[in-house]
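Sequence order for the protein chains is C and W. Per my numbering, residue 4 is the first one in the first sequence, and the count goes up by one each step. Per my numbering, residue 83 is the first one in the second sequence, and the count goes up by one each step. Okay, structure first, notes after.
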Amino acid sequence: MTAATASQTAGPYWHMIDFPEWADLLRAGSGNEAVQGERITLTGRITDGDGAAVADALVEIWQAGPDGRFEDGFHGFGRSATDADGVFRFATLKPGPVPGRGNATQAPHIEIAIFARGLMQHLVTRAYFEGEALNANDPVLALVDDPARRATLVAKPEGNAVWRLDIRLQGEGETVFLDV
Amino acid sequence: MSDPIPYRRPDPATQPPLDAPAYGSTHRRHPKQALLRIPHTLTETTAPRFDPARYPAHADMSQVNGKAALGERIIVAGRVVDEDGRPQRGVMVEVWQANASGRYHHPRDQHDAPLDPNFEGRARIFTDDEGRYSFTSVKPGAYPWRNHWNAWRPIHIHFGLHGAGFAQRMITQMYFPGDPLLDLDPIFLATPDKAARERLVSKFDLEITRPEWALGYRFDIVLRGREATPFEKA
């Protein structure tokens, strides 16, 4: 067996592979135009251990469609560069609940991968949705004992179907990152 | 519904740590809390399918509108397999790099080296049924960075791979054989296992080299494999 190739940082100059339209999962030509569901914006600000904006991150999302299925009618992939204030933003449909292991059900969530200068491996986290009844029984949220830390995985509504999940890479309020 | 088969966990020595003190940008960006290990679910074992009709392939970085980029023309080719040696087909591979002078086609790159109007420095290719990929480019140049005094990155090409599971998603860098900067580079050196580091270095390959046209380099890539199922003998 040969071990998987080592990860290396994306560095600061990755924007040649930034296609800003990919941040809109509902764009013309996405294949998702006809999928019915609740349109949402997922946004947030990424900060470092000093609280400074991470302005050069490549953020990707991966999610199920409104019916809770992956790549079965809904292409659930997006990419957003963070702006000068460290903010990413996606236009998408709210995912449905997804089967978990065993007989578990996972609450609706969007998986987030962060690549950047200074990240030797990408970081993975999830955005759940505040107020979702299924959150109480979600098997991943259940692994986080501290309610304050668990809250770092839960996006908050800001009105107009905007959901906000700020991401702190290090220090006070540090986001829970997943070893996947 | 049966549970998805999880991906194998990497041996930590074969991957660079998030906290790599010699690489200054990690200081304020690495999490200090332990990562939360989660059992793989469909979210990790499925991945986006990239239809080339919507994500068109572009395999030639060595020219723009028929005008040749400056520099030493190269062909980079290799195979993408998993840890069990199984070819990974239909993997979308994204590639980006600096030009022959060591300058990125990027507004924030202020290195005092010339831009090349005929070099944009990005490609997108898909692996075939045997996991093979190939693209044409020019050999990138080394460039300085401010990590420490007189720091220069070894010449490299960035690779991003999208496998069959989101847990396989990865970005890496391909280096070139014989580069004296490798032994001085905190990013390259961060991976503890020497064999794992050396697999990031491509190999000159005369079979990939095309006479009167371009030098060939081989770079094979391994994505995470699946754990054995109870029904499979490891």
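For every residue, glycine included, the Cβ atom is placed at its ideal position computed from N, Cα and C. Owing to the predicted nature of the structure, the values given are computational and were not obtained by experimental measurement.
In DSSP terms, what residue i is bridged to
i, result
"Q66/C", "I113/C"
"D142/W", "T218/W"
"I237/W", "Partner(s): none; I237/W has no beta bridge."
"T128/C", "I115/C"
"E294/W", "BP columns for E294/W are empty, so no partner."
"E176/W", "R206/W, G242/W"
"I253/W", "G242/W"
"V57/C", "None; V57/C has no bridge partner."
"K159/C", "R167/C"
"V158/W", "F217/W, Y299/W"
"A84/C", "L61/C"
"F286/W", "Y299/W"
"R190/W", "According to DSSP, which records beta bridges pairwise, R190/W is partnered with nothing at all."
"R48/C", "V90/C"
"P169/W", "V163/W"
"R42/C", "L96/C"
Three-state secondary structure assigned by DSSP to residue i
i, result
"W25/C", "helix"
"P130/W", "coil"
"P262/W", "coil"
"S107/W", "helix"
"F91/C", "strand"
"K97/C", "coil"
"F87/W", "Here residue 87/W turns out to be Ile, not Phe, going by the sequence shown. Residue state, collapsed to three classes: coil."
"P102/C", "strand"
"T123/W", "coil"
"K276/W", "helix"
"A150/W", "strand"
"P268/W", "helix"
"L100/W", "coil"
"A316/W", "The predicted position of A316/W is uncertain, since its pLDDT is 43 and thus under 50; no value can be drawn from it."
"L144/C", "helix"
"T8/C", "coil"
"P199/W", "coil"
"L305/W", "strand"
"L137/C", "helix"
"R153/C", "helix"
"P94/W", "helix"
"T108/C", "strand"
"P15/C", "coil"
"E175/C", "coil"
Expected contact under 8 angstroms - CB spacing of residue i and residue j to nearest Å
i, j, result
"Q173/C", "P236/W", "Their Cβ separation, rounded to whole angstroms, is 28 angstroms, which puts Q173/C and P236/W out of contact at 8 angstroms."
"F241/W", "T254/W", "5 angstroms"
"G47/C", "R171/C", "Not confirmed; about 10 angstroms, so no contact."
"M143/W", "R204/W", "7 angstroms"
"F248/W", "E114/C", "6 angstroms"
"P169/W", "H122/W", "At roughly 22 angstroms, the Cβ-Cβ gap does not stay under 8 angstroms, so P169/W and H122/W are not in contact."
"L181/C", "V127/C", "5 angstroms"
"P98/C", "G71/C", "7 angstroms"
"M4/C", "E165/W", "5 angstroms"
"Q109/C", "P142/C", "7 angstroms"
Closer than 7 angstroms to chain A by CB, residue i
i, result
"P130/W", "The structure shown contains no chain A; its protein chains are C and W."
Under 7 angstroms (Cβ pairs) to chain C, residues found in the stretch 291-309 of chain W: I303, V304, L305, R306
Looking at chain C, which residues of the stretch 248-271 of chain W have a Cβ within less than 7 angstroms of any of its Cβ atoms? F248, A249, R251, M252, I253, T254, Q255, I269
Taking one C-beta from the stretch 58-78 of chain C and one from the stretch 127-138 of chain W each time, how about it: are there three or more such pairs within less than 8 angstroms? yes
Going along the chain, which residues of the stretch 144-161 of chain C sit with their C-beta nearer than 7 angstroms to a C-beta in chain W? L146, V147
Count the C-beta pairs between the stretch 60-68 of chain C and the stretch 99-118 of chain C that are closer than 8 angstroms, then say yes if the count reaches three, no if not. yes
Which residues of the stretch 97-122 of chain W have a Cβ closer than 9 angstroms to any Cβ of chain C? Give them in chain order. Q97, P98, P99, L100, D101, A102, Y105, G106, S107, T108, H109, R110, R111, H112, P113, K114, Q115, A116, L117, L118, R119, I120, P121, H122
Check whether the stretch 178-186 of chain W and the stretch 216-232 of chain W touch, using three or more Cβ-Cβ pairs below 8 angstroms as the test. yes
Where the stretch 135-155 of chain W meets chain C: residues whose CB sits under 8 angstroms from a CB there: R136
Spell out a yes or no on whether the stretch 25-35 of chain C and the stretch 92-112 of chain C are touching, meaning 3 or more CB-CB pairs, one atom from each, closer than 8 angstroms. yes
Is the stretch 39-56 of chain C close to the stretch 224-234 of chain W, with three or more CB pairs under 8 angstroms? no
Near-chain C residues of the stretch 270-288 of chain W (beta-carbon distance less than 9 angstroms), N- to C-terminal order: F270, A272, T273, D275, A277, A278, R279, R281, L282
Where the stretch 88-109 of chain C meets chain W: residues whose CB sits under 8 angstroms from a CB there: V101, P102, G103, R104, G105, Q109
Below 8 angstroms, can you find three or more Cβ-Cβ pairs linking the stretch 100-115 of chain W to the stretch 143-153 of chain W? no
Segment contact, 8 angstroms Cβ cut-off, at least three pairs: the stretch 261-278 of chain W with the stretch 139-155 of chain C: no
Which of the residues in the stretch 184-207 of chain W, read from start to end, lie with their CB under 7 angstroms from any CB of chain C? Y186, H187, H188, R190, D191, E202, G203, R204
Below 8 angstroms, can you find three or more Cβ-Cβ pairs linking the stretch 275-291 of chain W to the stretch 84-99 of chain W? yes
Residues, ordered as in the chain, of the stretch 25-45 of chain C that lie near chain W by beta-carbon distance below 9 angstroms: G32, S33, G34
Say whether the stretch 5-17 of chain C touches the stretch 133-149 of chain C, bearing in mind that this needs 3 or more beta-carbon pairs closer than 8 angstroms, one atom from each stretch. no
Along the stretch 231-248 of chain W, what residues have a CB closer than 9 angstroms to any CB found in chain C? R235, H238, H240, F241, G242, L243, H244, F248
Residues of the stretch 111-128 of chain C whose Cβ lies closer than 8 angstroms to any Cβ of chain W, in chain order: H112, E114, A116, F118, A119, R120, G121, L122, M123, Q124, H125, L126
Any residues in the stretch 163-174 of chain W with a beta carbon nearer than 9 angstroms to a beta carbon of chain C? Which ones, in chain order? V163, D164, E165, D166, G167
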